[in-house]
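Novice: In terms of this note's numbering, the sequence shown opens at residue 0 and continues consecutively.
In this text, a Cβ means the ideal position worked out from N, Cα and C, and glycines have one as well.
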Amino acid sequence: MIVTVTANPALDVTYSVKTLTPNTTHRVIETHEQAGGKGVNVSRVLTALGRRTTAVLPLAGANGIAVQDDLKRAGVTHCVVPGGGPTRRTIAVAADDDVTMLNEPGAAPDDGWWHTLTGVVHGLLPGAQVLVVSGSLPAGLPPSAYRALVVLAHQRGLPVILDSDGLPLTAALDARPTLVKPNGAELLAATGLTDPLEAARALKDLGAQSVIASLGPDGILAVTPDGTWRACLPASFTIRGNPTGAGDAAVASLAAALADAVPWPLALADAVALSAATVAAPYAGRFDRDLHQALLPAVHIEAL
Ligand SMILES: Nc1ncnc2c1ncn2[C@@H]1O[C@H](COP(=O)(O)OP(=O)(O)OP(=O)(O)O)[C@@H](O)[C@H]1O
Ligand SMILES: [Mg+2]
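(1) Quick check on the burial criterion: 16 or more other C-beta atoms within 10 angstroms. Buried or exposed for His31?
(2) Can we say the stretch 34-52 touches the stretch 245-254, given the rule of at least three CB pairs closer than 8 Å?
(3) Smallest Cα separation from Ala256: which of Ala234, Pro216, Ile211, Ile64?
(4) Between Leu148 and Ala184, what straight-line distance do the alpha-carbon atoms span, to the nearest angstrom?
(5) Under a three-way DSSP split, which group does Gly325 fall into?
(6) Rounding to the nearest angstrom, what Cα-Cα distance links Ser252 and Pro85 in this structure?
(7) Specify the secondary structure class of Tyr145 as computed by DSSP and reduced to three states.
(8) Any idea if Gln292 is buried or exposed, counting beta-carbon neighbours within 10 angstroms, 16 or more meaning buried?
(9) Under three-state DSSP, which class holds Val159?
(10) Is Gln292 helix, strand or coil by DSSP?
(11) Once DSSP output is grouped into helix, strand and coil, what is the label at Val210?
(12) Using only Cβ atoms and a threshold of 5 Å, which residues come within that distance of a heavy atom of ligand 1? Order them by chain position.
Right, here's the structure in full:
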């Protein structure tokens, strides 16, 4: 079982419009609502892949009820941590193959809430193969909060994937997370370096055991103890759609690969194919199954 932690989940609302023009009024073609947050997306993808997963998350208020209803509809096993602040919303405006995001920050949880969350995770770890910790921290929590979850997983001998950015990421590195998955902007923000390979190596030097950097359409750069690889689709493959959550699909694939001890080149090929198939699906955490399988043999892996 793969346990995901989403400390700051959201009700994701997507408005589809034809073209987005600032300072004008738009007719919304379609409104879509679903449970959101990075760990939730990871669990949704894992569920669709037929993997056992439990999503740990706080939920409260009307948005929290809507999130839980959607998780039930999607068959995503979840465990609600009581004491969180009212669940936030994210608003995506999808137009012309482009997405504009408005992310509410999320309310501060009750005192002692993090302790409750840690207890819930601790209780799930004996049945877990991998812990995935994703996304931002809600207001009021110290940046070292994720570091404590990395330590907790390691105490049980479990691999842990950390997909966060800024201080919650960098403050956890010396606890040696098994894998971190920054995107290009997160790499730059964490290291101040513009070259992705240099930046990924720098994060590894700071303590991450493996750094799997996702670079949007340019695929994945992996710096691991066993080698360094670049994995991407050939330039002739153009995948259009909604890239939101593509990184979460890559994390889902990598978590499954860690659980099954899959060799890196195969793991990276699947992460690239699955995340690209997620871009082709309209909403985060969904993917086109046929495209996933069709893309897999096309992924180009280069050892650096
Ligand atoms: N346009 C695209 N075409 C093909 N593959 C893509 C495209 N965009 C993203 N991907 C795939 O998805 C992976 C993750 O994308 P990206 O680097 O944008 O993640 P991210 O910014 O962490 O996303 P999120 O945090 O929204 O889940 C990439 O490494 C790549 O394999
Ligand atoms: Mg991401």
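Specialist: The structure says:
(1) In the sequence shown, counting from the first residue as 1, residue 31 sits at position 32. Per the 10 Å Cβ criterion, exposed.
(2) The answer is yes - the stretch 245-254 touches the stretch 34-52, with three or more Cβ pairs under 8 Å.
(3) Along the sequence shown, one-based indexing puts residue 256 at 257. The residue with the shortest Cα to Cα distance from Ala256 is Ile211.
(4) Here residue 148 refers to the residue found at position 149 of the sequence shown. Here residue 184 refers to the residue found at position 185 of the sequence shown. Their Cα atoms are separated by approximately 24 Å.
(5) Residue 325 lies beyond the stretch modelled for the chain, which goes from 0 to 303, so this question has no answer here.
(6) Locating residue 252 in the sequence shown gives position 253, counting from the first residue. Locating residue 85 in the sequence shown gives position 86, counting from the first residue. If you take the alpha carbons of Ser252 and Pro85, they lie about 30 Å apart.
(7) Numbered from 1 along the sequence shown, position 146 holds the residue referred to as residue 145. Note: Tyr145 maps to helix in three-state DSSP.
(8) As a first step, residue 292 is located in the sequence shown; it is residue number 293 there, counting from the start. Exposed is the call here.
(9) Along the sequence shown, one-based indexing puts residue 159 at 160. It is a strand residue.
(10) For the purposes of this step, residue 292 is taken as the residue at position 293 of the sequence shown. Looking at Gln292 - three-state DSSP - the assignment turns out to be helix.
(11) Translated into the one-based positions of the sequence shown, residue 210 becomes position 211. Strand at Val210.
(12) Those residues, listed in chain order, are Asn182, Ser213, Gly215, Pro216, Gly218, Ile219, Ile238, Pro242, Thr243, Gly244, Ala245, Gly246, Asp247, Ala249, Val271, Ser274, Ala275, Val278.
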